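For the sequence shown, our numbering assigns the number 2 to the initial residue and increments by one for each residue that follows. Glycine included, C-beta positions come from ideal geometry on N, C-alpha and C. All values derive from a computational prediction rather than experimental measurement. Step one of this worksheet: look at the structure below.
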Amino acid sequence: MTTAQLLRTAARAALPALAAAHAAPVVSTFGPLRNRVMPRLSGRGRADHVALTFDDGPDPLSTPLFLRLLADRGVHATFFVLGSEAHRSPGLVREIAAAGHEIGIHGWLHRPLLLRGPRATYDDFARARDTVAAITGRQPRLFRPPYGVMSTAAHLAARRLGLTPVLWTCWGEDWTARATPDSVHRTVTADLDGGGTILLHDSDCTSAPGAWRSALGAVPRILDTCAQRGYAVGPLRDHGWARPAA
Numbered sequence: 002m003t004t005a006q007l008l009r010t011a012a013r014a015a016l017p018a019l020a021a022a023h024a025a026p027v028v029s030t031f032g033p034l035r036n037r038v039m040p041r042l043s044g045r046g047r048a049d050h051v052a053l054t055f056d057d058g059p060d061p062l063s064t065p066l067f068l069r070l071l072a073d074r075g076v077h078a079t080f081f082v083l084g085s086e087a088h089r090s091p092g093l094v095r096e097i098a099a100a101g102h103e104i105g106i107h108g109w110l111h112r113p114l115l116l117r118g119p120r121a122t123y124d125d126f127a128r129a130r131d132t133v134a135a136i137t138g139r140q141p142r143l144f145r146p147p148y149g150v151m152s153t154a155a156h157l158a159a160r161r162l163g164l165t166p167v168l169w170t171c172w173g174e175d176w177t178a179r180a181t182p183d184s185v186h187r188t189v190t191a192d193l194d195g196g197g198t199i200l201l202h203d204s205d206c207t208s209a210p211g212a213w214r215s216a217l218g219a220v221p222r223i224l225d226t227c228a229q230r231g232y233a234v235g236p237l238r239d240h241g242w243a244r245p246a247a
């Protein structure tokens, strides 16, 4: 066997191992396991506080309604924005920041990270981070992966870019056509406890058309339930969340 043939054979043999290494972090997608053994990745914070987070915006149609509701309730949240949507609506991104909300990134495009290599992953994160920084004058420090699925390349890229991945402990399943304010409230509060992080969506750009209305309708009831249980609600920055040092 020639040297070239040996190299090709070795490369073919290594591919399954490389693929497994790339996909290994997908185990964090399983919520019960993640919440138990990966508290920092899940966004676990102090026991008297709940972090409220929104994904997929900004959307000129829906996001202002969420901002108005949160302002009326005196609540701040963390918005994980898509870089492509931020680029389309920079004024709305500035409005989110000016209202005192925290801004993280959700990538440039809402595509599965497992289908991207290291370079594409890094470029996507960097483009989103730099776009938000240019709009707001402040570099985002938080990152949430599309679909909540990490890869080894994503962890490495996030570390290089000074981004901390954070997922959630409970969600509203508010992206489906069948979701209602009642179903979103019920789904969130079934798994809600002190120190938890809530995932909702302020845009339907990757959801069923109009699905954001179910989240908007559920937010007041979720906030009321948190108050009844003695939990303060706010962004991740106020969550007592164990973010690694810069």
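Close Cβ partners of residue i (< 7 angstroms) along its chain, the five nearest in sequence each way excluded
| i | result |
| --- | --- |
| Leu-116 | none |
| His-88 | Thr-132 |
| Tyr-232 | Asp-49, His-50, Val-51 and Gly-195 |
| Ile-136 | Ala-87, Pro-91, Val-94 and Arg-95 |
| Phe-67 | Phe-55, Asp-203 and Leu-217 |
Selected residue, minimal CA-CA separation from residue i, among the options
| i | options | result |
| --- | --- | --- |
| Glu-96 | Thr-177, Gly-235 and Ala-72 | Ala-72 |
| Arg-222 | Thr-132, Gly-173, Arg-161 and Thr-122 | Gly-173 |
| Leu-110 | Ala-228, Tyr-148, Thr-188 and Ile-104 | Tyr-148 |
| Gly-46 | Arg-214, Trp-169, Val-185 and Gln-229 | Trp-169 |
| His-138 | Glu-103, Pro-166 and Asp-124 | Looking at the sequence provided, one finds Gly at residue 138 rather than His. The shortest C-alpha separation from Gly-138 is found at Glu-103. |
| Ser-90 | Thr-64, Leu-217 and Thr-122 | Thr-64 |
| Leu-237 | Ala-78, Thr-181, Pro-61 and Ala-155 | Ala-78 |
| Gln-140 | Phe-126, Met-151 and Val-150 | Phe-126 |
| Leu-93 | Arg-69, Leu-217 and Pro-166 | Arg-69 |
| Gly-211 | Leu-62, Leu-42, Arg-41 and Gly-101 | Leu-62 |
| Ala-134 | Ala-155, Val-82 and Arg-161 | Val-82 |
| Leu-1 | Ser-152, Arg-230, Phe-80 and Gly-101 | Examination of residue 1 is not possible in this model, given that the chain is present from 2 through 247 alone. |
| Tyr-123 | Gly-218, Ala-158, Val-150 and Phe-55 | Ala-158 |
| Phe-1 | Val-167, Val-185 and Ala-209 | The chain is shown from 2 up to 247; residue 1 falls before or after that span and cannot be answered. |
| Val-234 | Arg-41, Arg-74 and Leu-164 | Arg-74 |
| Leu-42 | Trp-213, Ser-208 and Gly-197 | Gly-197 |
Endpoints, the alpha helix (DSSP H) within which residue i is located
| i | result |
| --- | --- |
| Gly-84 | 84 to 89 |
| Leu-71 | 64 to 74 |
| His-186 | 182 to 191 |
| Leu-217 | 213 to 229 |
Residue i: first and last residue of the uninterrupted beta strand (DSSP E) it sits in
| i | result |
| --- | --- |
| Gly-235 | 233 to 235 |
| Ala-201 | Note on residue identity: the sequence assigns Leu, not Ala, to residue 201. Per DSSP, Leu-201 belongs to the beta strand (DSSP E) from 198 to 202. |
| Asp-56 | 50 to 56 |
Same chain, Cβ closer than 6 angstroms to residue i, neighbours up to 5 away in sequence not counted
| i | result |
| --- | --- |
| Thr-226 | Thr-190 |
| His-259 | One cannot answer for residue 259 here, as it falls past the ends of the chain, which runs 2 to 247. |
| Ala-129 | Gly-84, Ile-106, Gly-108 and Trp-109 |
| Thr-181 | Ser-215 |
| Ala-246 | Since pLDDT at Ala-246 reaches only 43, below the 50 mark, its modelled position is unreliable, and the value read off the structure follows with that caveat. Around Ala-246: no qualifying Cβ. |
| Leu-201 | Phe-55, Gly-173, Asp-175 and Ala-216 |
| Gly-101 | His-77 |
Spatial neighbours of residue i in its chain, beta-carbon cut-off 8 angstroms, leaving aside the 5 residues before and after
| i | result |
| --- | --- |
| Glu-86 | Asp-57, Gly-58, Pro-59, Asp-60, Ser-204 and Cys-206 |
| Arg-230 | Leu-193 and Gly-195 |
| His-186 | Gly-173, Ala-219, Arg-222, Ile-223 and Thr-226 |
Heavy atom of the ligand FAD within 6 angstroms of residue i beta-carbon
| i | result |
| --- | --- |
| Arg-238 | With respect to the ligand FAD, the structure offers nothing, as it holds no ligand at all. |
- Item | Every unbroken beta strand (DSSP E) inside the stretch 91 to 154 [3 residues or more] | 103 to 106
- Message: Taking 8 angstroms as the cut-off, does the stretch 177 to 184 touch the stretch 128 to 148 (at least 3 CB pairs, one atom from each stretch)?
- Response: no
- Message: Across the stretch 189 to 204 and the stretch 226 to 238, are there enough close Cβ pairs to call them in contact, namely three or more that are closer than 8 angstroms?
- Response: yes
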